[in-house]
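> Input: one structure, supplied below.
Residue numbers (the numbering used here): 182 to 688.
The following block contains the structure:
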């Protein structure tokens, strides 16, 4: 597993560097081709994951405890929630926290608009032209849809499958183990190898997308504050520095590295969130959160509808990419959540992994995106309204006292998220390629942490002006086959949990 996975990804990197112009054309073709053909599939699968996760909460299988009836949780609630939230959303919340609500607001209030693929013909956002408050509600509903139940249900499916079959059945903590009820002993053969290889590819390219977004935003922030460059060389240097920090964290291990950095992440994130809420339009933020949550519920069905859509721009440019991104991240986040969730019941696990992070995402988006929308409503020429996507966060806090401090805090938070994502990802990929073993040489995790940074740097360089599209293309292409894996995983979980319930009842 280690040799094959590593060799294929190294060959991909070398081939991309050698044939840069051909690779750039291929990436520009790949993204719209997959999204155009399989948007309905991604949307349908996302709905299945949400319904499946919520169903487990209300069924008797919810009482099954991960690790057996006598298992005790290893981490406290604050520590547990901090680690899963930092791993699950991290850089994305920083990059899209301001830009996505503001983009949807522009689409809702102005009508169908195309602006670099960000403001699209979004039918679920129709009916608010000229009405700023209604447009804000619909913009928040669309944003929460992308950061709420759907992504966390995807993570919950993978995390639950891994934790249950590893801790309750003594199988290795790797993706293939989740399919034992379906494949039996064949999980140890080529079927299992195929599942794990797909998981490695999905994780590597999903992480590369996040690292690319984080690099773009951090460089934009440094350039805005200190006049640093934002070219390819600057991106490679920054990725190199952060990858080095990730390697240091890898060497320190789970308790001395990821756990500590996750705590730092949550502290910084909550401090920045509190600062925005207190310094910004506090009342409007609270109203935006409440009304946005209600609008999310009211528009959930039209937003999630996979067929007969007129808003192809919205579903293609936003939803399909997001769902593929979350699926690509699911082996990484799911395995990491599984490793820290022993002792939780299935019901406790699903509720904490889906509902609580959804509430936190609503508050975050209302604070950052809602504040940017309020600035735009008050002044249509506000700097944030016309800013590039990667600098919207910094343009928004420019209007606050201590704006330089807040901007620097935002950059630091992006970088720390960068490190925790790379560190956690290397831990997970190394576990997969080692067949579920946890006592593997540190040098292997260092290899994967380094390779993640290399892949992100190569895709940013080769992509040129379409660098982010190159990252998105690889995320979608690996997320597509792995979505099939996750759908099969739902059936496997169902079979395994009901077998556990029947065994407990003595049936």
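Quick reminder that beta carbons are idealized off the backbone N, C-alpha and C, glycines included.
1) Mind checking residue 624: buried by the 16 CB within 10 Å criterion, or exposed?
2) Taking C-beta to C-beta, are residue 341 and residue 530 nearer than 7 Å?
3) Please return the same chain residues whose Cβ sits closer than 7 Å to the Cβ of residue 399, not counting the five positions on each side in sequence.
4) By the three-class DSSP mapping on this structure, what secondary structure does residue 614 have?
5) If distances are taken between C-alpha atoms only, which option among 547, 252, 661, 685 comes closest to residue 317?
6) Which of helix, strand or coil does DSSP assign to residue 601?
7) Give a yes or no on contact between the stretch 358 to 376 and the stretch 388 to 407, applying the rule of three or more CB pairs nearer than 8 Å.
8) Applying the criterion that 16 or more other CB atoms from any shown protein chain within 10 Å of the CB defines a buried residue, is residue 200 buried or exposed?
9) Start and end of the alpha helix (DSSP H) containing residue 371?
10) According to the neighbour-count rule (16 or more other Cβ atoms, all chains shown, within 10 Å of its Cβ), is residue 407 buried or exposed?
11) In terms of residue numbering, what span does the alpha helix (DSSP H) encompassing residue 545 cover?
12) List the endpoints of the continuous alpha helix (DSSP H) containing residue 186.
13) Given residue 428, which residues of its chain have a CB within under 8 Å of its CB, disregarding the five upstream and five downstream residues?
14) Taking residue 634 as the reference, which of 600, 666, 485 has the closest Cα?
15) Report the option in 459, 545, 672 whose CA atom is closest to the CA atom of residue 450.
16) Spatial neighbours of residue 334 within its chain, please: CB distance less than 6 Å, with the 5 preceding and 5 following residues excluded, ordered by chain position.
17) Please classify residue 567: is it buried, with 16 or more other beta-carbons within 10 angstroms of its beta-carbon, or exposed?
18) Going by beta carbon distance, what residues of the same chain come within less than 7 Å of residue 610, once the five residues before and after it are set aside?
19) Using a Cβ-Cβ cutoff of less than 8 Å, which residues in the same chain neighbour residue 678 once the five nearest sequence positions on both sides are dropped?
20) Would you mind working out which of 336, 377, 337, 332 sits nearest residue 353, comparing C-alpha positions?
21) Measuring alpha carbon to alpha carbon, tell me which of 508, 658, 589 ends up nearest residue 664.
22) In chain order, what residues of the same chain have a beta carbon less than 8 Å from the beta carbon of residue 670, not counting five sequence neighbours either side?
23) Using DSSP's beta-bridge definition, name the partner residues of residue 526.
24) Can you have a look at residue 478 and say buried or exposed, based on whether 16 or more other CB atoms are within 10 angstroms of its CB?
25) Going by DSSP in three states, residue 488 sits in which element: helix, strand or coil?
26) With DSSP collapsed to three states, give me the class of residue 357.
27) Buried or exposed, going by whether 16 or more other CB atoms sit within 10 Å of the CB of residue 556?
28) Near residue 469, which residues of its chain fall below 7 Å by C-beta distance, leaving aside the five closest residues on each side in sequence?
29) Excluding the five sequence neighbours on either side, which residues of its own chain have a C-beta within less than 8 Å of the C-beta of residue 431, listed in chain order?
30) Please list the terminal residues of the continuous alpha helix (DSSP H) segment that includes residue 475.
31) Can you say whether residue 521 is buried or exposed, counting buried as having 16 or more other CB atoms within 10 angstroms of its CB?
32) By how many angstroms is the C-alpha of residue 289 removed from the C-alpha of residue 668?
33) If you follow the alpha helix (DSSP H) that residue 341 is part of, which residue opens it and which one closes it?
34) Decide if residue 559 is buried, meaning its Cβ has at least 16 other Cβ atoms within 10 Å, or exposed.
35) Can you give me the C-alpha to C-alpha distance between residue 573 and residue 554, rounded to a whole angstrom?
36) Are there 16 or more other CB atoms within 10 angstroms of the CB of residue 405, so buried, or fewer, so exposed?
If we stick to the structure as given:
1) The residue in question, residue 624, is exposed, as its Cβ has fewer than 16 Cβ neighbours within 10 Å.
2) yes
3) 419, 592, 595, 596
4) Residue 614 sits in a helix when the DSSP states are folded into three classes.
5) 547
6) helix
7) no
8) exposed
9) 371 to 407
10) exposed
11) Where residue 545 is concerned, the enclosing alpha helix (DSSP H) stretches over 537 to 559.
12) First-last of the alpha helix (DSSP H) with residue 186: 183 to 199.
13) 627, 630, 631
14) Considering only alpha carbons, the answer is 600.
15) Nearest of 459, 545, 672 to residue 450, Cα basis: 545.
16) 230, 231, 234, 535
17) exposed
18) 381, 384, 385, 629
19) 237, 242, 245, 345, 527
20) 377
21) 508
22) 338, 339, 342, 359, 360
23) Beta-bridge analysis with DSSP links residue 526 to 246.
24) exposed
25) coil
26) helix
27) buried
28) 317, 321, 547, 551
29) 438, 604, 607, 608, 623, 626, 627, 630
30) 463 to 479
31) buried
32) 33 Å
33) 330 to 348
34) exposed
35) In this model, residue 573 and residue 554 are separated by some 11 Å (Cα to Cα).
36) buried
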